[in-house]
Every structure is written in C-alpha cells, then in structure tokens.
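The sequence shown: position 38 = 38 (full-length UniProt numbering), numbered continuously.
We treat Cβ as the ideally placed atom computed from N, Cα and C, and that holds for glycine.
A short worksheet on the structure shown next.
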Amino acid sequence: MATPPPSQFAALLRRSKFASYDPHIGQVYTAFDGHAARGNFGLKRPLALRRRNAHITVQAVDSREQQTVWRSAEQENRWIRMWDEVGVRPKLENLTKWEQKVGTLGAEVSFLADSEFVHQEAVEAQKEDGLYEELAEEEEEELVKKSYAVPNLDAMSEKEFEQYLEHLRSLRPAFHNFLRKKYKNHPISSKTLFQHSLRGGDDFREFLESHAYQEYHKKHPRYIEQQPHRYAGLSYSHAPDVQTFNTTKPHVGRILGDLGTDRQAQFYAVASAGMTSRLTVGSKGEEGNQIITLRFTGATLASTPEVVGARPEGLEGASLRTSVRVDGPTVPYKSGTNPHPPGTREYVAYLEKKQRDHSVSMTSQPRPKQVDFTPQDHNIPAQRLLNVLHNMSFKE
C-alpha cells in the first residue's frame, strides 16, 4: 500500500519567519523582491506595506481582531546603516549596569588574537624573584579561574532560590579551601575589621565566580558559559583609528547650539549621522559656518536596550555619547609627510618624490653612508672579519 506524500507544512514552517517569532524577543523583519511587492514578510497574512527595503517589528501575529500588529522599524534600520558608515569603535562607560554585567569582557584590552572568546592571560613578572613574581602569579590565577556567568538570583522563583541555597550550603568545604588558598600569603590578621568591612561579600562573590569557572570547564560540562558581547552587538570589529580614518568618509553636520563648559572647555551640540554629538569649540572651524564636515572621534556606550523581556526595547533604550571633530587638512593622520591615503598611487608617487629630494620622514628612510676602508682601519670589526676570511681563502 502506497503511503501518502509528506505534508509540505513542516518545510514551509521551517523556512518561514513565523517559526522564529517570539513576542519576548525584539526582532526586525524585512522582505525582498517579489515578496516585498506582495507584502509577504513571512508571517501568517500579507501586510499593507508593499515597497522595497521596508523594515517592521511585530508585536502580535494574531490580535483579538485577528490582525497582525506591527509598526515601522525604519528608524532602527537607518541608524544601524549610518553607524556602519561611521566605523568608530565604542567604549564602555565606567560604573554602569552593562559594564558590571559583562565583567572583564568589557575591559579595554589590546586584541592580540582574532577571537575575543579566549581567556586573558596575566602579564609576566618583570623580575624572576621578589614581589613582582608573586603579584604576577596571583594575577594569573585570578584571571584564569574566574567566570562572571553566575546564576541570576533575580530571575529565580522561590522554589529555585531555595534549591540554590541548599546547593550553596553543600559547598562550604570548598569555600573554606578557597579562603585558605587565597589568604595563604596575605593573612587575614594583618588587616583591621574596618578594612574587611569595606570589602564585605567580596570573598563570597569571588568564590562563586571561581566555582562557576570550574563548572563550565569540566571535562564533560553540563552548562554552556554565557559570554555577553562587549558592546551588546553595536560593533563587531576592532579596527584601529588609522584604519577607520582611511576606510570611512566624513559626514556633513549642523551646529545646533552651545552646550556650555566642562572642565574649562566649551562644547557645541552637533547633529550628524542621525546622532547629536559633542564638538569642542577649538575644532569648530570657520566662524559663522553652521554646516560643516565632521568625523567621529569617539563613542561611549552608557546603557543598552533590553531586547529580551515582556516589552522588548529598541533604540529608545540605548544611551550612546559621541564626540566629533571638524574634518580638514590638520587631522592627525593626514598631517604627516604624505597627505594621500596609504596604498594609493598618489601615496607611492609621493614617496618616490620625497626620496629624490633626499629628505628624512617617517615613511622614507635616509640613505646609509658609504664607508671607505683604508689600510689603517684594522680596528674596525667588519674590516678585521674581512681580513680573516681573506687569509683563510689564501691559505687554501
């Protein structure tokens, strides 16, 4: 007896965006080509938005009125595209909720590896013996055996919290061993009670982080270590400032007004690339010119939107402080001996011109001086070596 062919519903559901829809996760949907012309965004029913490059967010696939509730996400789409054109690498603001959440992953470190998921190693001791070696060993031990992906107490129910407390009570022997190892070279009696009160709870927190690291790095781990992105997905590249300058273009901005003074410096409010940035008065350029060409010099991420929750947030939940400067011939990376972009024909031709002029710069090295040896220059090491080689060949 022939079996009926399988239903195409499973394949359609797997390819549909409806399968990835979750009302508790903020997502942006778009459609291309013929699907955009028909208003087909991969949902249950077509929408009344039928143009290319349209972006939406969905609040509900089926409302009480049996309609798909959505809103336009053009603002988010355009801002992300403008941010990609800026290309500046952001930084994290100190003492913020997001910095505490990412832990050491949010530290401003030099990226010596392509992957940011490798563990940071401690700096080697500058001396073989003494205090430097002990400090380096302690720092390496502290960096390697810690994980900030500890259980979230706020997300636990009453029953889960009680079970977690029972689990912590069973870790008392391990906690005592952790304290003995930590204060082996630094006795507790050497500190006053006031000094211990300033660090109340640090021992418990460090122990939980050390225990979490051991759980994640077992031979057969049961859990996957959570590693939140350093910039919350705002930027995935670690391009230096020189690369950013040579691969991005300046933006046209408008001076909005005076922001006042901060630390004896006066600033202007400038609108550029969809953001309101800060411009130093000394970098304003020509007086009375309200429309100027700007380049971004820095960005500080203060807070990130909660994209997972009962009410996912968008750009309104983010706080990003940016600073700009006027683009011109006096920018740091063009004020050298070669004003052309590196690697271009003008850049190479300018180098050849400078070499013909016999000038010394950062990109053109001086010609070495030619030394003529005389029979009296036997004390020069190079001439003595040539004499020895000449005598060896003459004897053969």
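Anticipated Cβ contact below 8 Å, residue i with residue j, distance rounded
i: F267; j: L256; result: Not confirmed; about 11 Å, so no contact.
i: T280; j: A265; result: 6 Å
i: P341; j: N246; result: 5 Å
i: R325; j: A302; result: About 21 Å separates the two Cβ atoms, so there is no contact after all.
i: T244; j: P90; result: At roughly 12 Å, the Cβ-Cβ gap does not stay under 8 Å, so T244 and P90 are not in contact.
i: F207; j: F175; result: 5 Å
i: A318; j: H24; result: Wrong, their Cβ atoms sit about 19 Å apart, outside the cutoff.
First and last residue of the uninterrupted beta strand (DSSP E) at residue i
i: H251; result: 251-261
i: residue 406; result: There is no way to answer for residue 406, as the model of the chain reaches only from 1 to 396.
i: Q226; result: Looking at the DSSP string, Q226 is not in any beta strand (DSSP E), and its letter there is neither H nor E.
i: residue 421; result: Outside the shown range of the chain (1 to 396) lies residue 421, about which nothing can therefore be said.
i: S319; result: 319-326
i: S272; result: 266-272
i: Q59; result: 55-60
Chain-order list of residues whose beta-carbon lies under 7 Å from that of residue i (same chain, five-residue window excluded)
i: P151; result: Y164
i: residue 419; result: Nothing about residue 419 can be read from this structure; the chain reaches only from 1 to 396.
i: M82; result: A273, G274
i: H35; result: none
i: A271; result: G253, R254, L256
i: S147; result: E209, A212, Y213, Y216, E225
i: R45; result: T68
i: W79; result: G274, L315
i: L234; result: P90, L301
i: residue 449; result: Past the boundaries of the shown model lies residue 449; the chain is included only from 1 to 396, so the question cannot be answered.
Environment of residue i [buried if 16+ CB atoms lie within 10 Å]
i: F394; result: The pLDDT assigned to F394 is 48, lower than 50, so where the model puts this residue is not dependable; a value taken from the coordinates is nonetheless given after this. Result: exposed.
i: I58; result: According to the sequence provided, residue 58 is Val. The question's Ile does not apply to it. V58 is buried by the Cβ-count criterion.
i: A54; result: buried
i: T94; result: The question names Thr, yet the displayed sequence has Asn at residue 94. Its Cβ having fewer than 16 others within 10 Å, N94 is exposed.
i: N177; result: exposed
i: F194; result: exposed
i: D372; result: At D372, the pLDDT of 48 sits below 50, so the modelled position is not reliable; the number obtained from the coordinates is stated separately. D372 is exposed by the Cβ-count criterion.
i: Y223; result: exposed
i: F32; result: exposed
i: Y236; result: exposed
i: S72; result: exposed
i: T261; result: exposed
i: L294; result: buried
i: I292; result: buried
i: S110; result: Legend: pLDDT at S110 = 47, less than 50; position of this residue unreliable, value from coordinates given subsequently. It is exposed - the Cβ of S110 has fewer than 16 other Cβ atoms within 10 Å.
i: A232; result: buried
i: D202; result: exposed
i: A60; result: exposed
i: L43; result: buried
i: H220; result: exposed
i: D22; result: exposed
i: H251; result: buried
i: V88; result: buried
i: D84; result: exposed
i: F204; result: exposed
i: D327; result: buried
Residues near residue i in its chain [Cβ-Cβ closer than 6 Å; skip 5 each side]
i: Q8; result: none
i: T330; result: Residue confidence is low: T330 scores 48 on pLDDT, short of 50, so the model does not pin down where it sits. Its coordinate-derived value is still stated next. Answer for T330: no residue qualifies.
i: V86; result: A273, F296
i: R278; result: F267, S323
i: T192; result: none
Terminal residues of the alpha helix (DSSP H) in which residue i lies
i: V308; result: Here V308 belongs to no alpha helix (DSSP H), and DSSP marks it neither H nor E.
i: T247; result: 241-247
i: V88; result: Unbroken run through V88: none, as it is neither H nor E.
i: residue 413; result: In this structure the chain extends from 1 to 396, so residue 413 is not present and cannot be described.
i: V102; result: 97-102
i: D33; result: 33-37
8 Å CB neighbourhood of residue i in its chain, flanking five on each side removed
i: E313; result: G26, P305, E306, V307
i: R50; result: A36, A37, R38, G39
i: Q290; result: R254, I255
i: K97; result: S303
i: K181; result: none
Closer than 6 Å: residue i CB and nearest the ligand FAD heavy atom
i: T68; result: Absence of the ligand FAD from the depicted structure is noted, as is the absence of any ligand whatsoever, leaving it without description.
- request: Any chance you could list the alpha helix (DSSP H) runs of at least 4 consecutive residues sitting entirely within the segment 142-187, in chain order?
  value: 158-169, 172-182
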